[in-house]
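Asker:
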Amino acid sequence: FPFGKSIGFLLISRVIQGVGSSCSSVAGMLADRYSQDEQRGIAMGIALSGLALGEQIGPLFGKFTYEYVRKESGFLVLAALSLFGGLLQLTVLKPGVSSEQIQGTSLKVLIRDPYILLAAGKQIYIYIYVYRSHCMKSIGAIAFGNIGSVMMEPSLPQWMLSTMGATESQQRFILLPTSFWYLISAIVFGIIAHKMGRWLCCMIGLLLIFIALICVPLTTSIVGLIIPNSLLGFAIGMVNSSMMPTMGYLVDRRHVSVYGNVYAIADVVLCLGYVISPVLSGFCVRVFGFRTMLHIISFICLCYAPLMLFLRNPPTREETIPSIMNENPNSFSYIRS
């Protein structure tokens with residue numbers, strides 16, 4: 163990427179990077195490694211905090227290397243870290259090969275599960291299709307829990323400039339409190355969400371998102387804007403740290419304990435949000451205005467919060483025992499030895 167001189171080359175580089183990222187996101191390694199629900203939640207909370215840490219350090223790191231070293235240096239450092247991470251996984255996890263293949267639940271079946279749809283909806287912003295399933299209730303929570311931040315991010319700098327006369331530096335760093343409190347929240351509620359009930363944790367998070375989005379357009383200063391942004395990050399951390407483990411729990415409880423497809427659903431929903439939201443945000447601001455757009459999103463979160471009651475005690479299905487496929491002795495699946 164740092165050596166690209168054309169749009170096509172840069173696009174190909176980004177596509178390759180996206181494929182690599184998706185492979186790590188949908189592997190379901192934490193869900194597979196930590197079979198106990200409580201330990202799984204703690205591990206996923208720590209993993210999600212890494213996302214917030216990257217958002218904290220990334221802008222500062224990129225700005226420093228671009229201005230004071232070379233534009234290529236930052237990308238080369240990241241490439242080296244990625245290579246190191248891959249080698250570390252090969253060394254620590256020591257992947258092996260098994261002739262036994264576990265038949266996981268198909269993507270079509272998972273998408274039709276309303277509980278999975280309900281949980282995933284919290285993360286993604288365009289989930290009109292979420293009406294169909296149970297696993298989908300999980301997906302819905304993930305979608306709607308993140309929609310506020312993603313829709314607000316593209317239009318917030320312009321609103322700050324027009325209402326507060328914010329400088330470029332202030333516009334650039336105003337979302338850092340969101341990432342910081344997301345980091346804290348993901349770790350804390352990764353530990354305690356299991357004890358208080360993940361459905362309740364997510365419901366409270368959605369209600370806090372409602373409050374934060376209502377308060378953002380009411381602020382009149384940069385300092386005042388830090389408070390609702392911090393609350394927003396804290397609330398999103400509650401939602402994500404409770405719903406991501408719930409996705410694995412729903413698969414364990416209602417399907418076969420193979421996690422690739424269910425986390426693929428969550429990742430696709432999240433990526434669609436990042437693709438569509440900037441365009442949708444600009445359209446909504448032009449048509450409704452910044453304040454009304456946030457009020458609409460906050461109202462959606464408020465209406466979605468009570469649906470988390472359905473995740474309090476989701477019913478089980480009989481076909482939850484993994485099916486070992488031995489008919490084809492030449493089939494292989496990679497496992498951790």
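Residue numbers 163 to 499, in our numbering, belong to the letters of the sequence shown in order. Ideal placement from N, C-alpha and C gives every residue a C-beta, glycine not left out.
#1: Starting from LYS535, follow the alpha helix (DSSP H) in both directions and report where the run begins and ends.
#2: For the alpha helix (DSSP H) containing HIS467, list its first residue and its last residue.
#3: For chain D, check one thing: does any of its Cβ atoms lie closer than 8 Å to the Cβ of VAL424?
#4: Between the stretch 374-392 and the stretch 228-244, can you find at least three pairs of beta-carbon atoms closer than 8 Å?
#5: Output needed for PRO500: all residues of its chain with C-beta closer than 7 Å, excluding positions within five of it in sequence on either side, in chain order.
#6: According to DSSP, what are the bridge partners of PRO221?
#7: Taking the C-alpha atoms as reference points, what is the distance between ASN492 and LYS256?
#8: Could you check whether ARG202 and GLY410 sit closer than 8 Å to each other, using their CB atoms as the reference points?
#9: On the three-pair Cβ rule with 8 Å, is the stretch 360-375 touching the stretch 318-336?
#10: Measure the alpha-carbon distance for LEU393 versus GLY444 and round it to whole angstroms.
#11: What is the DSSP secondary structure of PRO477, counted as helix, strand or coil?
#12: How many angstroms separate the CA atom of LEU243 from the CA atom of GLY212?
#13: Taking SER347 and GLY399 to be in contact with their CB atoms under 8 Å, please state how far apart those CB atoms are, rounded to whole angstroms.
#14: Quick check on ALA328: does DSSP put it in helix, strand or coil?
#15: For the stretch 400-408 against the stretch 341-356, are there 3 or more C-beta pairs whose distance is under 8 Å?
#16: Exposed or buried, what is GLY216 when buried is set at 16 or more other beta-carbons lying within 10 Å of its beta-carbon?
#17: Do you know offhand how far ALA397's Cα is from VAL378's?
#18: Taking the Cβ atom as the reference point for each residue, do MET470 and MET365 lie within a distance shorter than 8 Å?
#19: Quick one: grab the DSSP three-state call for ILE290.
#20: Exposed or buried, what is ILE290 when buried is set at 16 or more other beta-carbons lying within 10 Å of its beta-carbon?
#21: I need the boundaries of the alpha helix (DSSP H) containing LEU243, first residue and last residue.
#22: Work out the CA separation of CYS363 and TYR196 for me, nearest whole Å.
#23: I'd like the span of the alpha helix (DSSP H) that includes GLY166, first residue to last.
#24: Beta carbon of ILE384, beta carbon of SER460: below 8 Å?
#25: Just verifying my parser: in three-state terms, what is the DSSP assignment at VAL418?
Answerer: According to the structure shown:
#1: Since the first residue shown for the chain is 163 and the last is 499, residue 535 is missing from the structure and cannot be characterised.
#2: First, the amino acid is wrong: residue 467 is Ala here, not His. It is not in any alpha helix (DSSP H) - ALA467 carries neither H nor E in the DSSP assignment.
#3: The chain labelled as chain D is not found in the depicted structure, where only one protein chain is given.
#4: Because the criterion of three Cβ pairs below 8 Å is not met, the stretch 228-244 and the stretch 374-392 do not touch.
#5: This structure gives no information on residue 500, because the portion of the chain shown stretches from 163 to 499.
#6: According to DSSP, PRO221 bridges with nothing at all.
#7: The predicted model places ASN492 with a pLDDT of 40, which falls under 50 and marks its position as unreliable; any figure quoted below should be read in that light. If you take the alpha carbons of ASN492 and LYS256, they lie about 22 Å apart.
#8: Yes, the pair counts as a contact, with Cβ atoms nearer than the cut-off.
#9: no
#10: 24 Å
#11: coil
#12: 14 Å
#13: 3 Å
#14: Correct three-state label for ALA328: coil.
#15: Touching, yes.
#16: exposed
#17: 14 Å
#18: yes
#19: For ILE290, the predicted structure reports a pLDDT of 32, less than 50, and the residue's modelled location is therefore unreliable. The matter cannot be settled from this model.
#20: Reliability fails at ILE290, whose pLDDT of 32 lies under 50, so the model's placement of it is uncertain and the value that follows must be treated cautiously. Its Cβ having fewer than 16 others within 10 Å, ILE290 is exposed.
#21: 233-255
#22: 21 Å
#23: Run containing GLY166: none; DSSP gives neither H nor E here.
#24: no
#25: Coil.
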